[in-house]
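Take a look at the structure below.
In full-length UniProt numbering, the protein residues as written are 1 to 128.
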């Protein structure tokens, strides 16, 4: 089997995932995933698609991720892994779709408006 590549996005993070059958190695930007995502919550988020199909150790995953923050990068990578698994075996799709891993979360930061302190926050009102 050759490598399967897929793309995942969340906020401004973009994750390119390369999936191949292997021993369960997950490498992100040339580093082990436990070093790249130090908190256990983010590590669990990353491995959710593999746990859903009951194959947490069956695939090697290589990821290039850019942009956004650490949480957005983890969720973008989760989406990329889920898409790659669907491309590998279409039978995985219903389980992954039910968990919501294939749905692009389109929520983005609202832009700052002129005449405002932030996107919606106004400057303090002064009566005098």
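Backbone N, C-alpha and C define an ideal beta-carbon position, used for all residues, glycine too.
Check                                                                                                                               : Outcome
I'd like the span of the alpha helix (DSSP H) that includes residue 33, first residue to last.                                      : 33-36
On a Cα-Cα basis, can you pick out the residue from 117, 75 and 32 that is closest to residue 106?                                  : 75
Which class does residue 8 belong to by DSSP, given the choice of helix, strand or coil?                                            : strand
Less than 8 Å separating the beta-carbons of residue 81 and residue 102?                                                            : no
Under a three-way DSSP split, which group does residue 53 fall into?                                                                : coil
For residue 126, which residues does DSSP report across the bridge?                                                                 : According to DSSP, residue 126 bridges with nothing at all.
Determine the direct distance from the alpha carbon of residue 127 to that of residue 104, and round the result to whole angstroms. : 45 Å
Just tell me which of 94, 116, 67 and 95 has its CA closest to the CA of residue 29.                                                : 67
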